[in-house]
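Numbering of the sequence shown is given in the working numbering, commencing with residue 761 and proceeding in unit increments.
No residue lacks a Cβ here, since even glycine has one placed at the ideal position from N, Cα and C.
Keep in mind that this is a model prediction, so the values were computed, not measured.
A quick write-up on the structure given underneath.
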Amino acid sequence: MKILLLGLGNIGKVVAFDLIQRGLVEEFYVADKYLGNLERFNRDFGFSIQGYKVDANNLVELEGVLGGFDLVVNALPGRYGIKVVKAAAKVGIDLIDISYMPEDIFVLRNLIEDAGILVVPDAGLAPGLSNILVGRGFRVSDNVNDVMIYVGGLPIENIPPLDYVITWSADDLVDEYMRPPKVVIEGSVKMVEPLSGLEEFSFEGVGVLEAFYTDGLRTLLHTFKRVRNMWEKTLRYPGHVEKMVLLRSLGLFSDDLVDGVKPRDFLVRLLDMRLRRSGVPDQVILRVILRSEAEKTIVYNFYEAGFDVYGFSAMARSTGYVASSIVSLYLKRCLMGRGIFPPEYIGLDDDLFNEFKLEFNDRNLYFSEELIG
């Protein structure tokens, strides 16, 4: 099995480290726009992984790199996601994708099926683990009416000026605040305003946070069409949303050129410079709630905090190890067939879910399940 990882950022490093350390892949390569990332990775961990320099904006160049591999794992920012899917289909290579692409993967269903490849989209934390837990909830509970997903990655201590530090792609972070979320309200799919739906949320040991709609349902909108209400909300410290709304109202989310510069690009660069602070421990919170007609409620909770012995953040581990666990399922040939395979399908299948849980727990990550009513 010959695997190529695209992108060696905070999340990609965890995926690469995990697959190499476990000896899961005989031939493992990395492709990145900046080969200095690979040089530092090899130096930091004593590896000798080989890599390719690739500009993912160049579809021909991307196709040329993918050729000859059995599987590609995409850990690039979301804006490259659709290009990677098209390139994978062109060369006939299976894909496990972590990118937070703005497009609906199902618009490429025919392309993917005609290419005869398997694509697992949104194989991260949320979407990703959240989807798996939603699928599990539907598997063990009848007539689910309402699905609520709450997720957040936060510094353990509230840090000004935005009460936040960046532990993943700054580009995808800003996109999360800009992209109109799709939610289900009273049986209808609706598009709502970004940063709307504000409510208080409490998590034991963390305290009171604020939650707002984000675009995390994605494939769930295709898989579970008969729910009454379904949404994802992102968690932040109280007051964060007000500050982001201010930045948006000032035009800093805009793609319209101002003196030759896109304000959004400038904001992404600025946030990456000011909010990416090494040494600041973070925490990841995920709660998935499913309510059924019988007034029974299933609650899944996941919490991870701090750095591990390798220096990986909670967010990097929580996202990267979901992806590498899914890669492990693929290598064990648990994921078979062709076409789009959303993560919730893992939760809907007892054998797949149990195998995923074993992989996840083997990486010292755990979630709880509680039945109420």
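Asked: Does the segment 808-817 touch the segment 893-901, meaning 3 or more C-beta pairs lie closer than 8 angstroms?; Found: no
Asked: Name the residue from Glu-821, Gln-781 and Asn-834 whose alpha carbon lies nearest to the alpha carbon of Gly-767.; Found: Asn-834
Asked: Which residues bound the alpha helix (DSSP H) around Val-1028?; Found: 1023-1035
Asked: Which residue marks the beginning of the alpha helix (DSSP H) containing Ile-1106, and which one marks its end?; Found: 1104-1108
Asked: Enumerate in chain order the residues of its own chain whose CB-to-CB distance from Ser-956 is below 6 angstroms, with the five nearest sequence positions on each side excluded.; Found: Tyr-973
Asked: Exposed or buried, what is Pro-921 when buried is set at 16 or more other beta-carbons lying within 10 Å of its beta-carbon?; Found: exposed
Asked: Please list, in chain order, all residues of the same chain as Asp-906 whose beta carbon is under 8 angstroms from its beta carbon, the five residues on each side excluded.; Found: Val-987, Arg-988, Asn-989, Met-990, Ile-1049, Leu-1050 and Arg-1051
Asked: Could you tell me which residues DSSP pairs with Ala-849 in its beta bridges?; Found: Ala-849 is not bridged to any residue.
Asked: Does the Cβ of Ile-1132 have 16 or more other Cβ atoms within 10 Å, making it buried, or fewer, making it exposed?; Found: exposed
Asked: Provide the residue(s) that pair with Thr-1057 in DSSP beta bridges, ordered along the chain.; Found: Arg-1051 and Ile-1132
Asked: Can you grab the Cα-Cα spacing for the pair Ala-847 / Tyr-789, in whole Å?; Found: 17 angstroms
Asked: Please state if the CB of Ile-909 and the CB of Glu-992 are separated by a distance shorter than 9 angstroms.; Found: yes
Asked: What first and last residue would you give for the beta strand (DSSP E) that runs through Arg-996?; Found: 989-996
Asked: So, using beta-carbon positions, are Ile-892 and Ile-853 closer together than 9 angstroms?; Found: no
Asked: Using CA coordinates, which residue listed in Asn-1061, Glu-1064 and Asn-1121 is at the minimum distance from Ser-1134?; Found: A query on residue 1134 cannot be resolved here, the shown segment of the chain reaching from 761 to 1133 and no further.
Asked: By the three-class DSSP mapping on this structure, what secondary structure does Lys-762 have?; Found: strand
Asked: In the structure shown, what three-state DSSP assignment does Asn-918 receive?; Found: coil
Asked: For a test of the three-state rule: what should DSSP assign to Gly-783, helix, strand or coil?; Found: coil
Asked: Could you work out which residue in Phe-984, Pro-915, Val-820 and Asp-1025 is closest to Val-943 when comparing CA atoms only?; Found: Phe-984
Asked: Which residues does DSSP list as the beta-bridge partners of Ala-1065?; Found: Gln-1043
Asked: Where does Asn-870 fall in DSSP's three states?; Found: helix
Asked: Taking 9 angstroms as the threshold (C-beta atoms), are Val-966 and Ile-1045 in contact?; Found: yes
Asked: Cα separation between Thr-994 and Thr-1057?; Found: 21 angstroms
Asked: Comparing C-alpha positions only, which one of Arg-839, Phe-829 and Gly-828 sits nearest to Asn-818?; Found: Arg-839
Asked: Taking a contact to mean a Cβ-Cβ separation below 9 angstroms, would you say His-982 touches Phe-866 in this structure?; Found: yes
Asked: Using the C-alpha atoms, what's the distance from Ser-1085 back to Ala-875?; Found: 25 angstroms
Asked: Measuring alpha carbon to alpha carbon, tell me which of Val-832, Leu-784, Leu-1108 and Ile-842 ends up nearest Leu-980.; Found: Leu-1108
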